[in-house]
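Engineer:
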Amino acid sequence: MENLDVAPGCPIPVRVFADSAVREDVEPWLKTGLLSGVTTNPTLLKRAGLTVSDIPEVARWAVGEGDREVCFQLWGDTAEEQYANAMRIHELAPAALIKIPVTPAGATVISRLHSQGIQVLMTAVYAAKHAAIASALGVRYFAPYYNRMRVAGLDGAAEIGRMAAAIPQDGRGPLILAASVKSGAQVVELLQVGVRVFTLPPAVIADVFADKLTDRAIADFEQDMRAAL
60 MENLDVAPGC PIPVRVFADS AVREDVEPWL KTGLLSGVTT NPTLLKRAGL
110 TVSDIPEVAR WAVGEGDREV CFQLWGDTAE EQYANAMRIH ELAPAALIKI
160 PVTPAGATVI SRLHSQGIQV LMTAVYAAKH AAIASALGVR YFAPYYNRMR
210 VAGLDGAAEI GRMAAAIPQD GRGPLILAAS VKSGAQVVEL LQVGVRVFTL
260 PPAVIADVFA DKLTDRAIAD FEQDMRAAL
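In case it helps, this note's numbering puts the sequence shown at residues 60 to 288.
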């Protein structure tokens, strides 16, 4: 796992995860070397036609040689059910981070997993106050849902900016992992308020690269180079 330690007060380099369980959609981006890992959730597994029994295979291709991270979300109505399912995921994919919603039951499970050295991504974050919970529980990441916040009428950028101000994104504490990001423009909005880690659907990763002027410049260079051969 990559060492995120940097000088105090200095933000970590940007990290990008693919938010998908579809191998064919993710692998082209894995080959670029851009990705730090893969995030999934029950909905993404369902869309990919996968079940819990497929978790080991997803973890295998997502992690690669061990230099990337992969995240799977637990389920259950009570803390005991959630803990049992977290351990089920851990048995299937020992290197995986467990995604756990920010609830009292979730906090109970996070504490138990933390004592066992199991890394956690705290999810379903909508409010700056949740950053305090993430820090107190010692999670690795916490994931605010940016576009969902906007749709709900919240100033998502301002709220997430407050999280980044409260919990410095220098690798010494929990890192914001921005989720529900729908465009390259939203990536920039979040960078401007201090976010350093993103999980993006493959289509949004493509949008971050896409630029007509870049394409035109490349085409011009190619044309000129061919003329010089």
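Here a beta-carbon is modelled for each residue, glycine too, at the ideal position from N, C-alpha and C.
Since V122 is in the alpha helix (DSSP H), which residue starts that stretch and which ends it?
Structural biologist: Start at 1 with the first residue of the sequence shown, and residue 122 comes out as number 63. Note, V122: alpha helix (DSSP H), 114-122.
Engineer: Just reading off the beta strand (DSSP E) that A172 is part of, what are its end residues?
Structural biologist: Within the sequence shown, residue 172 is the residue found at index 113, counting from 1. For the record, residue 172 in the displayed sequence is Leu; it is not Ala. Element bounds for L172: not the beta strand (DSSP E) but the alpha helix (DSSP H), 163-174.
Engineer: Apart from the five residues just before and just after G197, which ones in its own chain have a Cβ nearer than 7 Å to its Cβ?
Structural biologist: Residue numbering aside, residue 197 sits at position 138 when the sequence shown is read from its first letter. Result list for G197: H173, in chain order.
Engineer: Taking the Cβ atom as the reference point for each residue, do S79 and P203 lie within a distance shorter than 7 Å?
Structural biologist: The residue given as residue 79 occupies position 20 in the sequence shown. The residue given as residue 203 occupies position 144 in the sequence shown. No, the Cβ-Cβ distance between S79 and P203 is not below 7 Å.
Engineer: Should the segment 127-138 be called in touch with the segment 153-172, which here means at least 3 C-beta pairs below 8 Å?
Structural biologist: These segments touch.
Engineer: In the structure shown, what three-state DSSP assignment does Q132 receive?
Structural biologist: Residue mapping note: residue 132 aligns to position 73 of the sequence shown, counting from 1. Note: Q132 maps to strand in three-state DSSP.
Engineer: Can you name, in chain order, every residue of its own chain whose Cβ lies under 8 Å from the Cβ of I277, other than the five neighbours on each side?
Structural biologist: Within the sequence shown, residue 277 is the residue found at index 218, counting from 1. So the list is empty, once near-sequence residues are dropped.
Engineer: Using the Cα positions of A195 and M284, report the straight-line distance between them to the nearest angstrom.
Structural biologist: If you number the sequence shown from 1, residue 195 lands on position 136. If you number the sequence shown from 1, residue 284 lands on position 225. Going from the Cα of A195 to the Cα of M284 covers about 57 Å.
Engineer: At what residue ranges does the segment 185-234 contain a whole run of the alpha helix (DSSP H), taking only runs of 4 or more?
Structural biologist: 189-196, 205-210, 215-225
Engineer: Are the CB atoms of P101 and L151 nearer to each other than 7 Å?
Structural biologist: Position 42 of the sequence shown, counted from the first residue, corresponds to residue 101. Position 92 of the sequence shown, counted from the first residue, corresponds to residue 151. Result no, Cβ atoms of P101 and L151 do not sit closer than 7 Å.
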